[in-house]
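Numbering of the sequence shown is given in full-length UniProt numbering, commencing with residue 1 and proceeding in unit increments.
Okay, structure first, notes after.
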Amino acid sequence: MEYKGHLIVNVLESMTDAPPETRLLLLQWATLQGGLFIGGDIQDLSKLFKMPKRTITAGLHYLVQEGYMLKFPNLDVSPSSDKPRSRFHFQLTIEGYRRSQDTLAACGFHEELRYVLFGTSLKLPRQGIRLQWACLVLLANKAGYAIGYSTETLKKWSGLSDKQLEQNWNFLVKAGEISLVAKEVKNSDFFVALPTMYKIRPRSVALNCVNFGVPVQQNHLQEFNFLRDVISFNHKFQQQQQKQQQIPLQNSVLDDKSYLAMAKGFLDPRLRVYIHHLCVSTVLLGLSHEKVLDTSQDILKNETLQRFIRSALEYGLCMPESLVISAKGLHSKDCNVQQSTENDTAHLIDFALKALTDELMFKIAEFAPFLRLFVREYKVSPNFVGWLPGHSMHSTRTIKFAKVEKKSEQTEALVGDDVCSEQQSREEREFTTFVLQLWLPASAKVKDSMALGAQILTYQGWKWVNSPNIVQVNDIKIHKMRFGCD
């Protein structure tokens, strides 16, 4: 299974000369009613879709004229018989319904899309903002990141200009509805231009966000070591480490100094930030993969997950297909055969992708046991997995010590809160963990929790789940770390 990204033909892209308001109307209609009829006059539809009557009239005229909708006139007599009111019935055509549903089916955040299309909590000065926000939700992967999209494609979807897109992004970021996590990276020797990376902030009440503390290092998603590995990719290093590392040979005509200079292209500040967030997104995507919960195979040896991670990296880096093919076909059985300088970039990319894939697989494997514990005990799997950067989860638990006699020697054994012994002493223990965010169905009766060994710590007095491995504690709090950052 490979990561395919958003390789979809959006119905909005076919509306070449439609204004943004008409495109938004089609998305709202398809989301709300699908292929069903909607009847009424223009005033009713204006209230339903929260648009001016003139905008609704023009939008429906375009959609009917271009074959997206059908219009069925009907004369309905109002209470005043001498003032009949003209009413209509509208319905998506078969083709309009098919295209709309194909677009909506590719979205990983259906309830969030509905919130964006119809939510009224944020006052928007223009409908183009709502449309652009909806496009971002359509573009977002299952970790909530919009990665690898084309700005030109977004313009075709929305009908907005570069200036309007920039103004709308600024509005949504300032309003706190989305996050700008990495700025655009211009063309380089390795990649085509990488568009600005945004992240959505789910608001839908249809999902229940639970904070789940896991005992891994606080910097687990804040540090990635691949840059150091890439810079070390030179001929001398390969000769020394070839058998242990099993990474591609630098068998080109470039000398070590030139090859090292080439590798330093990865040190561009914007590229480093972009790749960092791509790595975070890919780890979170990997944690949502079905293979993470599969206990029958070691995660680090799972080839399906490895292919998924690598293809997600290739997609996120917007790598030209020719370069991807070159990188995959590098390895020659005869290591003494020199390859041409055309393959130098492909060698470097292949090395970087392998180093990144291995590192991300390791990070996923660190999280996996705790996700499995959560799913096993609560009997619910998360729809999406996120994290809370710059925060830690803190809990206090009362530990009881029981003195045990064995062969006339006194030893102390740490036991749980339910121990029964006449000789006990109490001690308050504090635990601090990394914070994952698990998005569960709203029906899931789960509260903030913390993994500790083979147990889950949760709030005292909360008794929805009856399991000996779910232990009630005095409190669970989330703290913002002083130096924490994403």
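Cβ coordinates follow ideal geometry from the N, Cα and C atoms, glycine included.
Please return the same chain residues whose Cβ sits closer than 7 Å to the Cβ of residue i, not counting the five positions on each side in sequence.
i: Tyr62; result: Ala18, Thr22
i: Lys50; result: none
i: Pro215; result: Thr433, Ala451, Leu452
i: Ala365; result: Ile299, Leu300
Measuring CB to CB, does residue i end up less than 8 Å from residue j?
i: residue 559; j: Leu300; result: Residue 559 is absent from the structure shown; the chain starts at 1 and stops at 486.
i: Lys142; j: Ser14; result: no
i: Tyr274; j: Leu154; result: no
i: Phe434; j: Gly213; result: yes
i: Ile309; j: Thr357; result: yes
i: Ala146; j: Tyr198; result: yes
i: Gln132; j: Leu104; result: no
i: Met481; j: Gln218; result: yes
i: Val210; j: Leu271; result: no
i: Arg114; j: Val11; result: no
i: Ile196; j: Leu180; result: Checking the sequence, you will find Thr at residue 196 rather than Ile. It is a contact, given that the beta carbons lie within the stated cut-off.
i: Ile476; j: Ile456; result: no
i: Phe37; j: Gln101; result: no
i: Ile56; j: Leu45; result: yes
i: Val446; j: Tyr378; result: yes
Name the DSSP bridge partner or partners of residue i?
i: Tyr459; result: Val473
i: Gln297; result: Beta-bridge pairing links Gln297 to no other residue.
i: Leu271; result: DSSP output for Leu271 lists no bridge partner at all.
i: His89; result: Gly39, Phe72
i: His391; result: Lys480
i: Gly213; result: Val435, Met450
i: Ser150; result: Bridge partners of Ser150: none, in fact.
i: Phe384; result: Trp439
i: Asn208; result: Leu440
Within 10 angstroms of its Cβ, does residue i collect 16 or more other Cβ (buried), or is it exposed?
i: Gln28; result: buried
i: Gly176; result: exposed
i: Gly144; result: buried
i: Pro269; result: exposed
i: Asn302; result: buried
i: Lys174; result: exposed
i: Asn170; result: exposed
i: His347; result: buried
i: Lys53; result: exposed
i: Pro125; result: exposed
i: Glu223; result: exposed
i: Asp418; result: Below a pLDDT of 50, predicted positions are generally treated as unreliable, and Asp418, at 46, falls in that range; the measurement from the model is reported next regardless. Its Cβ having fewer than 16 others within 10 Å, Asp418 is exposed.
i: Asp162; result: exposed
i: Gly34; result: exposed
i: His89; result: exposed
Among the options, whose alpha-carbon lies nearest the alpha-carbon of residue i?
i: Gly108; options: Lys363, Leu136, Ser46; result: Leu136
i: Ser158; options: Leu172, Gln127, Gly144; result: Gln127
i: Thr432; options: Val471, Ala454, Ser392, Val446; result: Ser392
i: Val473; options: His479, Leu122, Met450, Lys53; result: Met450
i: Val192; options: Lys53, Asn225, Leu317; result: Leu317
i: Ile349; options: Leu371, Val380, Asp41, Met319; result: Met319
i: Ala182; options: Leu32, Phe88, Leu278, Glu166; result: Leu278
i: Pro382; options: Leu165, Val292, His394, Leu48; result: Val292
i: Leu360; options: Gly390, Ser395, Leu313, Pro369; result: Leu313
i: residue 493; options: Ala140, Val385, Gly96, Lys156; result: No answer is possible for residue 493: the residues shown for the chain start at 1 and end at 486.
Near residue i, what residues of its chain come up, given a Cβ to Cβ distance below 6 Å and the 5 sequence neighbours on each side ignored?
i: Glu111; result: Ser204, Ala206
i: Ile8; result: Residue placement at Ile8 is flagged as unreliable, the pLDDT there being 49, under the threshold of 50; the coordinate-derived value follows with that caveat. Excluding positions up to five away in sequence, the list reads Ala106.
i: Asn208; result: Leu440, Ala442, Ala444
i: Glu290; result: none
Keeping to the same chain, check which residues put their C-beta closer than 8 Å to that of residue i; ignore five residues upstream and five downstream.
i: Arg130; result: Leu24, Val116, Leu117, Leu124
i: Leu388; result: Asn211, Val435, Leu436, Gln437, Ile478
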